[in-house]
Structure formats: structure tokens, C-alpha cells
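Going by my numbering, the sequence shown opens with residue 66, and the numbers climb by one from there.
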Amino acid sequence: MNLFVKAILPVSLLTVATTANAEAWSLDSCISYAISHNISVRQQKLRITEGELAIKEAQDRYLPSVDASVSESFSFGRGLTASNTYADRNTTNTQWGVSLSLPLFQGTAAYRRVKITEMSLNQYITENEATKDNITLNVISQYLQVLYCKEVAKSARSQAEYSAFEVERQKALIAAGKVAEATLYDLESVAAQDKLQVVAADNDTQVALVNLANLLQLPSYEGLDVVPLDDMDPVIPGPDVVYASAMGINNSLIGARQAVKVANENISLAKTGYIPTLSFSAGIGSSFYTVSGMKSESFGAQMKHNYSTYLGLSLRIPIFDAFNTRNSIRRAKLQKLSAELTLEQRESDLYKEIQLAYYQATGARERYLTSTETLEKTTLSFESTRERFNLGRATQADYEQAKNNLFKTDISRIQSHYEYLLRTRILRFYQQGALRK
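Structure below.
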């Protein structure tokens, strides 16, 4: 066991030294870096760009369409002549034309499409902000997890120092001939176990840093460290105040409300299928025609003589479209109902999350205050037992029991403290939104 401890202790000390020299990140810097480098956020930006293109595409529907065409055809074999008889004739026909089509009235469909794309773009932007909010909450949670693991490692290291001190003191007593050498073995065994706890706690810290580095999209956690929070005893806001504030600024809810508006506008768009449409058309063109065995005008002459232009208006009145419009309206109404249910679910989930975070925060704070008070008394008890142990008035079992009680109480205090900090941060985030404090 001693050889094993001696082998792993330098690794633990190296880990601690590496962390001490690492670059320290604040919570705000972690959040900013994670948001700017997160792949999901970058994907959302592409969706926003697509939404901007969709608006431009919908606006372009107001523009006329212009087409040019040229055709050449050949005909061989028997055909009907001008004298109403059939004869073998070879004919060629060359045609060209330019046409214009302009929608004058589309039953407000074009207007609705522009409006829908603009509303959808706002929804994409809000959903992008909601993605950033989720990243922020994840970073806050993982950041506090790193701080928690570092506190646990610090407490474990303190226990190991107690054990190491007692081992050295016992060796000195043995050297002076005051105690038997056999009493040293139990102390060395306990010291070895405490050193293993330090190694495990340091490893948990490294794992927490790796997870934080993954959230930040860093290629490696090497050189990553965090600084403690400024406010270690924050005020817990009330759940009703937090929920009332979140209803107006929570991006997930805003995006869900926008989805309902888009769905409602889609119903109006579907109803335009019942409205008549009017379009204007115009065109110019000419042709060149030849028949074998017959004299034809020259190409230029025919193009001049056959030149024509046209103007036209087209009115389309929907009478029966196999219920396509009716089905489109029903489908759009179902989509609106689905969007409303999604909004209702998100409001319910948010309320539950805020209520749960509040009661978890208050409970954790009570445990933290109680464990802090208990830790003071347990520390006094440990010091008393330690002094009696040094004087030979307490057994080693008594000393180890007091030391373990001190460690357990300290760990309980650390756990409750960081749960209290995490839940309070979540509540403050929901209350303050984009401030991300």
C-alpha cells in the first residue's frame, strides 16, 4: 500500500501544480465564448440567413416574369395543301417571341407570403436566442460543477494533511520509544486512503474541466481553470416574481408565441385559394415559314410581315378545386392548434422549473446554513478529540471517527452551498433573461 501511495502522490501533486498555473476564466467569459463558438448557434445563424432569403423571394413575387423563346421545326411527308388536296411537302418553320406576365391581383397571397416570411424570420431569431439561453444555463451548471469539485478536493486534501501529520508525529514517538511501532500501521493505512481520496477528487475536477471545455468548444481542457464567483450568498428571488418576469422576456416562450402567429397567418394564406386572381400578359414575336416546291418570301421580309404583338388580361375564378383549398385551411388550423399546445406546454414547463428551482434553492440554503453551523461545532469537537488523542486520552478509533465526521460535514456543506448557488443562478437567469447573471 505504501509503495502504491508513493507512486500516485507525485501524479496528484503534478495535477494540482498544473491547475494552479492554468489560465482562469470567469463565468461571463465562459458564457460569451461558448455562445460565439457553439455549433448549434452557428447552425441557427444559417437558418436566419435562409429566412432573409425567403423574404426576398416572397417580395420578388410582385415582379413580372419575362421570357424569350426561339423554335425551329421541320415537317416531312404528305400534308394538306392550300387547294385542299394532299401532296408530299417538306416544310420548315422558324419562330421567336418575347412574353411578359405580370400578376395584378393574387388574392392577397403574395402579401400574406411576405408577412409570413417576415414573421418566420423573427421566430428564427428568437429561437436562436433561446438556443443561447440553453447554452448559458449549461455553462452555468458546469462552471459551478468545476468549483464544487475543487472545493471537495480542497477538503480531501485537508483530511490528507491531518493524516500525514499524525503519521509523522507517530514516527517521532516511536523513535523516542514512547509508543510501539505497531500503532503506526493503522495510521499509515488511513493516510493512504486519504491520499486516494485526494487523487479521486482531483480526477473529478479534471473531468468537470473536460466537460466545461466541451461546452466551450475548446480542443483541449489543458490550461483551463475557473475563478470563484463574486456573490457566494445571493438573494433568492420569489417564484411568482421570476415567472412574471420570464413571461415577458423568456425567448423560448416568445418563439412559441411567434409560432402561433405564423400558424394563424398561414390560415389566412390558405383562405386566399377562394379569391379570384387577375394577371396581365403581353408579348411580341414573328416567324419564318417555307414549303418545298412553293415560292416563299425572304427571311427578312417574312419576319417583318409576320411581326405581331399582343396584350391580355386573365381572370381566374376558383369554382371547384377538388377541396384543395378546404383541406389546406384545415391543415393550417391543425398546425395552429399544435403551436398553441406547444406554447401552453412551454409555459407549464417553465412554471414548474421555476417553482422547483425556488424550493431547491431555499432547501439547499437552509441545509447550507445548518451545515455551516454544524461544521463549526464539529471542528471544535474534532480539535478536542485530536488533543485528547495526542495526550493518550482518546483511542485512534475515536480520532478517526471525529475526523470522518468533520469531512462528511464539510462535504455536506459544500454540496448544499453549490446547489443553492446553482438554483439561485437559474432563477436569476429566468428573471433577468439576456443579462445572464
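Glycine residues also receive a C-beta, built at the ideal position from the N, C-alpha and C atoms.
Residue i, enclosing alpha helix (DSSP H) - first and last residue
i: N158; result: It is not in any alpha helix (DSSP H) - N158 instead sits in the beta strand (DSSP E) that spans 156 to 170.
i: I479; result: 461 to 497
When the options are compared against residue i, the one with the closest alpha-carbon
i: T173; options: G313, T355, F139, A335; result: A335
i: D125; options: N455, M368, A278, A175; result: A175
i: N329; options: H482, R395, N316; result: R395
i: G498; options: I419, I314, T390; result: I314
i: S247; options: L186, Q461, D198; result: A quick correction: the sequence has Ala, not Ser, at residue 247. Answer by Cα proximity: Q461.
i: T435; options: L408, L380, Q480, L421; result: Q480
i: Q108; options: T156, K197, F353, S138; result: K197
i: T407; options: S361, I384, A324, R430; result: A324
i: S373; options: L274, E117, S164; result: S164
i: L492; options: D290, M297, V306, G162; result: V306
i: W90; options: Q262, L289, F454, N470; result: L289
i: H102; options: L167, S228, N279, L118; result: N279
i: Y375; options: D475, I349, N331; result: I349
i: S379; options: P341, V255, F447; result: P341
i: K473; options: S220, N203, A119; result: S220
i: V264; options: P129, R222, A229; result: R222
i: T157; options: I382, R411, F364, S333; result: F364
i: T439; options: I476, L252, D251; result: I476
i: P302; options: A387, R488, I319; result: R488
i: L167; options: G377, S344, Y464; result: S344
i: N316; options: N199, E441, T443, V131; result: N199
i: S140; options: A241, W161, N155; result: N155
i: A426; options: Y286, L111, V300; result: V300
i: L274; options: L252, V356, L212; result: L212
i: C214; options: E226, T270, L252, P129; result: T270
i: E115; options: R430, S185, E231, N389; result: S185
i: M359; options: D153, S130, A99; result: D153
Residue interval of the beta strand (DSSP E) (run including residue i)
i: A309; result: It is not in any beta strand (DSSP E) - A309 instead sits in the alpha helix (DSSP H) that spans 304 to 314.
i: S134; result: 130 to 140
Supposed contact pair residue j and residue i - C-beta distance, whole angstroms, cut 8 Å
i: D259; j: Q235; result: Not a contact, Cβ separation roughly 15 Å.
i: T201; j: F494; result: 7 Å
i: L277; j: Q207; result: 5 Å
i: L209; j: L421; result: That belief does not hold up - the Cβ atoms of L209 and L421 are roughly 17 Å apart, past 8 Å.
i: I181; j: V327; result: 6 Å
i: A266; j: V217; result: 5 Å
i: Y423; j: P304; result: 4 Å
i: T159; j: E137; result: 5 Å
i: W161; j: S393; result: Wrong, their Cβ atoms sit about 40 Å apart, outside the cutoff.
i: L318; j: L415; result: 7 Å
Any chain C beta carbon closer than 8 Å to residue i
i: L334; result: As a matter of chain content, chain C is missing from the structure shown, which is built from one protein chain.
Beta-bridge partners of residue i, as assigned by DSSP
i: T337; result: The partner list for T337 (beta bridge, DSSP) is empty, contrary to what the question assumes.
i: S344; result: P168, S379
i: V291; result: W90
TODO: Enumerate, from N- to C-terminal direction, the unbroken beta strand (DSSP E) stretches of 3 or more residues contained entirely within the region 346 to 429.
DONE: 373 to 381
TODO: Would you mind listing the alpha helix (DSSP H) stretches within the region 245 to 288 that are 4+ residues and don't spill past its ends, in chain order?
DONE: 248 to 280
- [ ] List in chain order: all unbroken alpha helix (DSSP H) runs of 4+ residues lying wholly within the region 169 to 242.
- [x] 174 to 240
Task: In chain order, each alpha helix (DSSP H) run of at least 4 residues that lies wholly inside the region 87 to 124 - done: 92 to 102, 104 to 124
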